[in-house]
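Next comes the structure, spelled out in structure tokens:
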């Protein structure tokens, strides 16, 4: 509860009146089977998973949410869960989140065919960029089509380390926007990647993707992806201004 109050206090300082607090699903052992295949493909991912994953209690998280909802805070707090999307685990995911009382479920891409594209730049050595981009957006469309999620997190974060495909992404942006609109999902305009990799990552989504999302009337929600209180509201005002250009 004290940790949450620090996030709230920072939000007040940043003139933010509504925040979303969430944990990533890999923190809970119930979701571990989703990661078996990617762990087998990569010693790096396996080592990361052993260090970071399964350290928290899903039930305790639920109880914390209920306790917070009983308190009176100066900002509105929405509670959610960020879920790595694996197309073979849609039913598994649905079973773990059904009737859990979350305010929102955020689906996100962190692995493509077992490749942990956003962990470290060194992992990209020898990777076929065009193939990786195609598979990334193909799976992103499936994520939106699944009907599980309220929003898609950082939709083009594959560009995190500055890699670009040799072809236009317009067709993929259009397909993703249409599926998001059809399923009443929002897109996450997220400043976390730029904060993490200021030399290679732009602030938020690609400008063309934003234009296409707006053309199809897809709702865009700005977020700071704050892993600590001091990052709450990071460049939110700038991203909001950019959205109304």
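Residue numbers (the numbering used here): 2 to 246.
We put the CB at the ideal spot given by N, CA and C, even for glycine.
Let's test the definition: count the other Cβ atoms within 10 Å of the Cβ of residue i and tell me whether it reaches 16, buried, or not, exposed.
i: residue 7; result: exposed
i: residue 127; result: exposed
i: residue 226; result: buried
i: residue 141; result: buried
i: residue 168; result: exposed
i: residue 87; result: buried
i: residue 192; result: buried
i: residue 90; result: buried
i: residue 152; result: buried
i: residue 2; result: exposed
i: residue 171; result: exposed
i: residue 221; result: buried
i: residue 5; result: buried
Just to confirm, are residue i and residue j a CB contact at a threshold of 9 Å?
i: residue 47; j: residue 56; result: no
i: residue 155; j: residue 194; result: yes
i: residue 29; j: residue 121; result: no
i: residue 108; j: residue 149; result: yes
i: residue 243; j: residue 211; result: yes
i: residue 165; j: residue 124; result: no
Excluding the five sequence neighbours on either side, which residues of its own chain have a C-beta within less than 6 Å of the C-beta of residue i, listed in chain order?
i: residue 132; result: none
i: residue 201; result: 162 and 163
i: residue 196; result: 235
i: residue 13; result: 75
i: residue 239; result: none
i: residue 1; result: With the chain covering 2 to 246 only, the question about residue 1 has no answer from this structure.
i: residue 207; result: 157
i: residue 134; result: 166
Taking 9 Å as the CB-CB limit, is residue i close to chain C?
i: residue 161; result: Of the chains in the structure shown, none is chain C; there is only one protein chain.
Taking 7 Å as the limit between beta carbons, can you name the residues of its chain near residue i, skipping five residues before and five after?
i: residue 26; result: 32, 82, 83, 84 and 85
i: residue 217; result: 178, 179 and 182
i: residue 104; result: 79, 80 and 81
i: residue 43; result: 115 and 117
i: residue 65; result: none
i: residue 223; result: 190, 237, 240 and 241
Short of 8 Å in beta carbon distance, which residues of its chain neighbour residue i, apart from the five on each side in sequence? Order them along the chain.
i: residue 137; result: 110, 113, 118 and 159
Does the count of Cβ pairs from the segment 139 to 146 and the segment 168 to 178 closer than 8 Å reach three?
The answer is yes - the segment 168 to 178 touches the segment 139 to 146, with three or more Cβ pairs under 8 Å.
Give the list of continuous beta strand (DSSP E) stretches no shorter than 3 residues that lie fully inside the segment 67 to 99.
Runs of the beta strand (DSSP E) lying entirely within the segment 67 to 99 and spanning at least 3 residues, in chain order: 77 to 85.
Touch test, the segment 73 to 90 against the segment 19 to 39, Cβ-Cβ under 8 Å, three pairs minimum
Yes, the segment 73 to 90 touches the segment 19 to 39.
Inter-stretch contact (C-beta, 8 Å, three-pair minimum) for the segment 113 to 124 and the segment 67 to 74:
Taking 8 Å as the limit for Cβ pairs, the verdict is that the segment 67 to 74 does not touch the segment 113 to 124.
Three CB pairs or more closer than 8 Å across the segment 88 to 104 and the segment 159 to 169
Fewer than three pairs of CB atoms, one per stretch, sit closer than 8 Å, so the segment 88 to 104 makes no contact with the segment 159 to 169.
Ordered list of beta strand (DSSP E) runs contained in the segment 135 to 205, each at least 3 residues:
Taking only runs of at least 3 residues, the beta strand (DSSP E) segments lying wholly in the segment 135 to 205 are 187 to 191.
Only counting runs of 4 or more residues, tell me where the alpha helix (DSSP H) segments fall wholly within the segment 203 to 230, in order along the chain.
Qualifying alpha helix (DSSP H) stretches, in chain order: 208 to 216.
List, from N- to C-terminal side, the alpha helix (DSSP H) runs of 4 residues or more that fit wholly inside the segment 17 to 45.
Taking 4 residues as the minimum length, the alpha helix (DSSP H) runs contained wholly in the segment 17 to 45 are 37 to 42, in order along the chain.
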